[in-house]
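Enquirer: Can you keep this structure in mind? I'll have questions shortly.
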Amino acid sequence: MTEKIKEEFPVLQQDVYGKPLIYLDNAATTQKPISVLNAVDNYYRCLNSNVHRGVHRLSILATEAYEHARMSIQQFINAPNAHEIVFTRGTTESINLVANGFANTILKQNDEVIVSTMEHHSNIVPWQLAVEKCGAKLKVISINEIGEIDMECYQNLFSEKTKIVAVTHVSNVLGTINPIKKMIEIAHAHQVPILIDGAQGIKSTKVDVQDLDCDFYCFSGHKIYAPMGIGVLYGKEKYLEQLPPYQGGGEMIQNVSFEKTTFNSLPFKFEAGTPNVGGAIGLEAAIDFMLKIGRENLLTHDKALLDYAQTKMQEIDEIRFIGQAREKAAVVSFLLGTAHPADVGTLLDTMGIAVRTGHHCAEPLMNRYQISGTVRASFAIYNTKTEIDKLVEALKKTNRILS
Ligand code: PMP
């Protein structure tokens, strides 16, 4: 099945340095199937027009397509209402929108925001900016050696000053799938809202925001086979209503005068300016692509590749895994002896294998393990066990060269 699926990805049909490309950098971004490329192409060829403000035919069609995409996303994550789906540029912008809103309305001096040690910089820096602005503080949940959240520490961090928890669903470095349902329950037991960074979670789990009962869920299209530059903020209506606009401009207003501006209803209050209509349509096509394969099949494939990779890589004594949580997504971070991750990545690249190296935008996590970076292989639906065999062979060769 996978070979057939791979044929749907034009970018994967190329050689690099005379070797067939093996793309294992899917936690950074996934490749795009032809159906997504066609949907975006068709939008610009046949529909391109500005949305929500035209009376002419193209504008009406573009608006319908854009709002249809919103409803597909609503269904995909089982959000109660389409107006709780805000289009953004991606996870980073979604988190900034919420952090900024909290800084401007809710956070006060000495208040506290809880994040975890394994956060991506995108779920640290916006909160740091927010707390600095208000004289509030960040509280950090520790993790254990295998890369799991310390739940006791988490529970103990709450106080009457806690105003929000912001935690990742799945670590982009460790692959850990956090027990977010439990974490959400605990936050709510303290009457504290919780934001989930779903940049990795949206691909690695079946997200149902009503079942989770999270207050915010953020993700980027490009990590689930959609174009870059489009993402989603899901927020419960009661919180989205409470938060002020993130940016001012066209689309987000009801009436403007020099004395007073009133704002548009949800979700448009948060969508200032001309939106990425082609991106939203591409995201809808990517969702269709995933649903056609089936969520369960996608997850089973990821799990099979993860198990296979972890087992095969153990053939190499010099490999040290970073992150061995019991619940893991298809992300394998490791070190090869004392070799610098960048050297490993560069040698793998010459063999046609694309992996990620470095701190993966998670420097506090690197500090936790007292390392400067890792090599990371991450898998998607078009990857195969044969590719993992080639990765392992290439790692053996790299190990011989570098030691
Ligand atoms: N959070 C996590 C866990 C991520 O993996 C990423 C992307 N690497 C982000 C946030 C940021 O996503 P984006 O750059 O698409 O906004």
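Residue numbering for the sequence shown follows our numbering, beginning at 65 and increasing consecutively.
For each residue, glycine too, the CB sits at the ideal point set by N, CA and C.
On a predicted model such as this, the values are computed, not experimentally measured, just so you know.
#1: To the nearest whole angstrom, what separates the beta carbons of L455 and L400, a pair I think is in contact under 8 Å?
#2: Where DSSP assigns a beta bridge to F327, which residues make up the other side?
#3: Judging by CA-CA distance, which residue of V341, D407, L363 is the nearest neighbour of H132?
#4: Terminal residues of the continuous alpha helix (DSSP H) containing C198?
#5: If you run the structure through DSSP and keep just helix, strand and coil, what is P74?
#6: Look at N236 and V396 and say whether their C-beta atoms are less than 9 Å apart.
#7: If I follow the unbroken alpha helix (DSSP H) through E216, where does it start and stop?
#8: Beta carbon of V273, beta carbon of M247: below 9 Å?
#9: The alpha helix (DSSP H) spanning L111 covers which residue range?
#10: Please classify D261 as buried or exposed, where buried requires at least 16 other C-beta atoms within 10 Å of its C-beta.
#11: Across which residues does DSSP place K203 in a beta bridge pair?
#12: Nearer than 8 Å: is that true of the beta carbon of K201 relative to any heavy atom of the ligand PMP?
#13: If you draw a straight line from the C-alpha of L429 to the C-alpha of N160, how long is it?
#14: So, do the stretch 166-175 and the stretch 306-313 have three or more beta carbon pairs nearer to each other than 8 Å?
#15: Report yes if the C-beta of H423 is less than 8 Å from at least one heavy atom of the ligand PMP; otherwise report no.
#16: By Cβ distance, which residues of its chain are closer than 6 Å to S467, with the 5 residues on each side in sequence left out?
#17: Decide yes or no for the touch test of the stretch 443-451 against the stretch 86-106: beta carbon pairs closer than 8 Å, at least 3 of them.
#18: Tell me which residues share the same chain as V115 and place their Cβ nearer than 6 Å to its Cβ, disregarding the 5 neighbours each side in the sequence.
#19: For G313, which residues in the same chain have their Cβ closer than 8 Å to its Cβ, ignoring the five residues on either side in sequence?
Expert: Per the coordinate set shown:
#1: Going by Cβ atoms, the distance from L455 to L400 rounds to 12 Å, so no, they are not a contact pair.
#2: I317
#3: V341
#4: 189-198
#5: helix
#6: no
#7: 215-221
#8: no
#9: Unbroken run through L111: none, as it is neither H nor E.
#10: buried
#11: I178
#12: no
#13: 21 Å
#14: yes
#15: no
#16: G401
#17: yes
#18: A126, T127, Y130, V341
#19: A336, G337
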